[in-house]
Amino acid sequence: MNPVRKKRLFIILGLLAGVGIALALALSALQQNINLFYTPTQIVNGEAPEGARIRAGGLVEVGSLQRSEDSLTATFRVTDGKETVTIRYQGILPDLFREGQGIVALGKVSGDGVLVADEVLAKHDENYMPPEVTQALEQSGKLKHYEGAKQEVKQ
Amino acid sequence: MIPELGHLALILALCLALVQATLPMIGAWRGDRQWMSLAQPAAWGQFAFLLFSFACLAHAFLVDDFSVAYVASNSNSALPWYYKLSAVWGAHEGSLLLWALILGGWTFAVSVFSRQLPEEMLARVLGVMGIISCGFLLFLLITSNPFGRLLPQMPTDGRDLNPLLQDFGLIVHPPMLYMGYVGFSVAFAFAIAALLGGRLDAAWARWSRPWTLVAWSFLGFGIVLGSWWAYYELGWGGWWFWDPVENASFMPWLLGTALLHSLAVTEKRGVFKSWTVLLAIAAFSLSLLGTFLVRSGVLTSVHAFANDPERGIFVLGFLLVVVGSSLTLFAIRAPVVKSQVGFALWSREMLLLVNNLVLMVAASTILLGTLYPLLLDALSGAKLSVGPPYFNALFLPLMGLLMLTLGVGVLVRWKDTPQKWLIGMLTPVLLASVVLAAAASFLLGDFAWAVLATCFLAAWVVLTGVRDLLDKTRHKGLLKGMLSLSPSYWGMQLAHAGLAVCALGIVLTSQESVERDLRMAPNDTLELSGYRFVFEGTRHHLGPNYEGDRGTIRVFEDGDEVAVLHPEKRIYTVRGMPMTEAGIDAGFTRDIYVALGEPLENGAWAVRLHIKPFVRWIWLGGLLTALGGVLAASDRRYRVKVKTRVREALGLAGQGV
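Rendered as structure tokens:
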């Protein structure tokens, strides 16, 4: 091999190694920071890992929101039509958080099956339904039911 | 009648775009000057029709023509006139019309300011922009016509503009962002035209540079405005969420930054030609991807409004066609363009290459984090999201590396630099930066490695800039020398200083902010990092299209009143949608930020209090960077005597082949 080619080979090998390391780092960072979505049915069935940060979502059950007397702790239940999960959250709920609305919460499942959320997302458009919640309702077969109810309310 | 005229104008604009996309291209291929000369009038006509069409839609909003479906769902007679006007781009159809209008505007600008370009080149550039315009106008007319009517059952009043968008920030944020997004289409068109013509040379880079600079500056302004808007409007006190839609605007900006630097190398030294072309293609493709992400509703994001999936498919198809065909063209043509000039390790070429690599890697990691959930969802149906820790862990070290190389890159010379000289230049800067960083970190109190490192990097960037300035003016004397430096040099200095300011703002705010969510009854007080907050309760009041509760919070520091803040909770009556208006006392070194959560019993409220040090620096830095871009684009050398230079360059290129 002549020196020019040798140099080129080293440059290319160096580049490949750099790209490989960067990719490995990125993927491992990605693995550690993904939050998987679980439907209430999955959580009740114990499919969600305890102690890992997950996303959970569904419709907030009407009449389930309770606020504590002296702090900002709120508990409410979300449902996919089949099962419900209790969510506990400390802090200020988003503006569009309402009973009957689809929401997504991020947090950890505690031992008693309650999701302790550190973030609650409700969307900025009243007609918008988080895709996860739509899917959860589809899986439990309640989507048609929900949409029918919405139509009736509108008329 | 007027909306129909607008619709008609849109169709005519499409016809002209078709002419502009085909005939001049064929003319350039066959060397037919008459066909090539069709490009300019077609571009002007298209812009005029788009302008008319946009005016028709604006008119429909201003006169409350609720028979137009788009107006009915996004406006209301109680809306103030300026929000009626900005509601034109408040939702999907209108914002696409704005996209098309801005594209028409850029095309018009290119046809007016680039007359000194060789005829073929201009015809090709305008032709490529015509093709893009065809795509978007077709998209508008087929899937999202803003002029559709609701007849005969026309509503008596509109459903109002989304209250989140009833704000000054939203009047200016989308147009700025679109100016940036669409502006990259000019760089893209230049790159494609150069590929088609087979002539990628310094002249091409020089023509493309000012356009890229201006587009990049607009995009920067747009992102800064969006961040500022999110900060005061969403009521969380956050200014960046690594939200997919934010990422969608940030990735083209990163690639645009890489493109600017790469263009500089191509213009000055004639190397990196293929790379520059690839960056121009990538920057515009990511702009299209951004449009797709925002407009298709595939994302869970604060920007995701109710959407129609059909539209997403159209944009995705268009994106695939644009990216696919331009990459194919690149694959066929790029090997033809080769550069013979070499450069050494410590040369500006090399450091700008490192800059490009870092920016590319940064953009790629963001792309990975943004698209990974979508890909996985499409492949396996698993729903997941990627959290901010991922982005922070990868992006922040890369930016540190970028700032380190920036300091060296400013000082090194083209082609090769004597290492001794370089070390002599850098050593004092290094020492001064270390001292400054230690001092700043000491003054700020609580020690944190992130703060120390950022202070060092910021000082490094600024001081190497100053060092370079001293070096450049060493013969003429500081004052005289400074006056004789070109605007593009000052633009560079300003933009780099902006980066340092922005980095300081980001890290100091993230590290030193204090936040408290609590329940406050009237006359409750709270001490928070040296400030005393007194909540005086809320009063109910009525606005033009909302009713709200307006709170009063007095803030004291050492017994002196420093601010009276009025955070508000509003309910917009038409949609019944609640909104938070934060009360902010803005300052150069800190913001005091107060927002109302929800009402609790007995006049008590959930209240959110923040002290955010140096948060303004984030946007100040962003503005400086964008201004730097504008300043650099104003450089006379892009305008004066371009004609002769172009001839020279072409002559040289002709010999080279």
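If you're matching them up, the sequences are chains S and D in order. What the first sequence shows, in the working numbering, is residues 306 to 460, in sequence order. What the second sequence shows, in the working numbering, is residues 336 to 992, in sequence order. We put the beta carbon where it would ideally sit given N, CA and C, even for glycine. All values derive from a computational prediction rather than experimental measurement.
Relative to residue 374 of chain D, the option among D:860, D:965, D:459 and D:534 whose CA is nearest is D:459.
By the 16-neighbour rule on beta-carbons within 10 angstroms, residue 592 of chain D is buried.
Within the region 381-400 of chain S, the residues whose Cβ lies closer than 9 Å to any Cβ of chain D are, in chain order, 395, 396, 397, 398, 399 and 400.
Within 7 Å of the CB of residue 440 of chain S, the CB atoms of chain D belong to 718, in sequence order along the chain.
Residue 920 of chain D: member of the beta strand (DSSP E) spanning 918-920, first to last residue. Of D:666, D:506, D:537 and D:662, the smallest CA-CA separation from residue 605 of chain D is found for D:537. Taking residue 352 of chain D as the centre and dropping the five residues before and after it, the same chain places the C-beta of 381, 465, 468, 469 and 472 closer than 7 Å to its C-beta, in chain order.
Burial state of residue 456 of chain D is buried, judged by a 10 Å Cβ sphere holding 16 or more other Cβ atoms. Within a 10 Å sphere around the beta-carbon of residue 876 of chain D sit fewer than 16 other beta-carbons, which makes this residue exposed. Inclusion of residue 970 of chain D and residue 864 of chain D in the CB contact set at 8 Å is not warranted, their separation being larger than that value. Counted as a single uninterrupted DSSP element, the alpha helix (DSSP H) harbouring residue 745 of chain D occupies residues 723-746. For residue 854 of chain D, the chain S residues whose Cβ falls inside 8 Å of its Cβ are 375, 376 and 377, in order along the chain. Residue-level contact check: residue 437 of chain S touches chain D, since one or more beta carbons of chain D fall below 8 Å from its beta carbon.
Excluding the 5 residues flanking it on each side, residue 860 of chain D has same chain C-beta neighbours closer than 8 Å at 867, 868, 869 and 870, in chain order. For residue 876 of chain D, the enclosing beta strand (DSSP E) begins and ends at 866-877. If you compare the alpha carbons of S:337, S:398 and S:357 with that of residue 370 of chain S, the shortest gap goes to S:398. For residue 427 of chain D, the enclosing alpha helix (DSSP H) covers residues 427-448.
Cβ-Cβ distances below 8 Å link residue 423 of chain D to 389, 392, 393, 396, 429, 432 and 433 in the same chain, with the five nearest sequence neighbours on each side left out; the list follows chain order. Contact between the region 693-705 of chain D and the region 575-584 of chain D is established, with three or more Cβ pairs separated by less than 8 Å. When 9 Å is used as the limit between beta carbons, residue 341 of chain S is near these residues of chain D: 717, 718, 719 and 720, in chain order.
In terms of beta-carbon proximity, residue 700 of chain D lines the interface with chain S, with at least one pair separated by less than 8 Å. Taking the Cβ atoms as the reference, residue 603 of chain D lies roughly 6 Å from residue 749 of chain D, within the contact range of under 8 Å.
From the listed residues D:336, D:531 and D:402, the smallest Cα separation to residue 363 of chain D is found for D:531.
With respect to the 8 Å criterion, residue 414 of chain D and residue 496 of chain D are classified as neighbours on the basis of their beta carbons.
The beta-bridge partner set that DSSP reports for residue 913 of chain D consists of D:906. Straight-line measurement puts the Cα of residue 690 of chain D at about 21 Å from the Cα of residue 968 of chain D.
Chain S has a Cβ within less than 8 Å of the Cβ of residue 914 of chain D. One Cα belongs to residue 647 of chain D, the other to residue 379 of chain S, and the distance between them is close to 37 Å.
Within chain D, the residues 718, 719 and 720 have their CB atoms less than 8 Å from the CB of residue 360 of chain S, given in chain order. Following the DSSP letters along the chain, one finds residue 519 of chain D inside the alpha helix (DSSP H) bounded by residues 503-532. Under DSSP, residue 660 of chain D forms no beta bridge with any residue.
At least one beta carbon of chain D lies nearer than 8 Å to the beta carbon of residue 372 of chain S. By the 16-neighbour rule on beta-carbons within 10 angstroms, residue 527 of chain D is buried. In the DSSP annotation of this structure, the continuous segment of the alpha helix (DSSP H) that includes residue 846 of chain D starts and ends at 822-847. The Cβ atoms of residue 401 of chain D and residue 347 of chain D lie no closer than 8 Å to each other. Within the same chain, Cβ atoms closer than 6 Å to the Cβ of residue 848 of chain D are found at 947, the five residues on either side in sequence being excluded.
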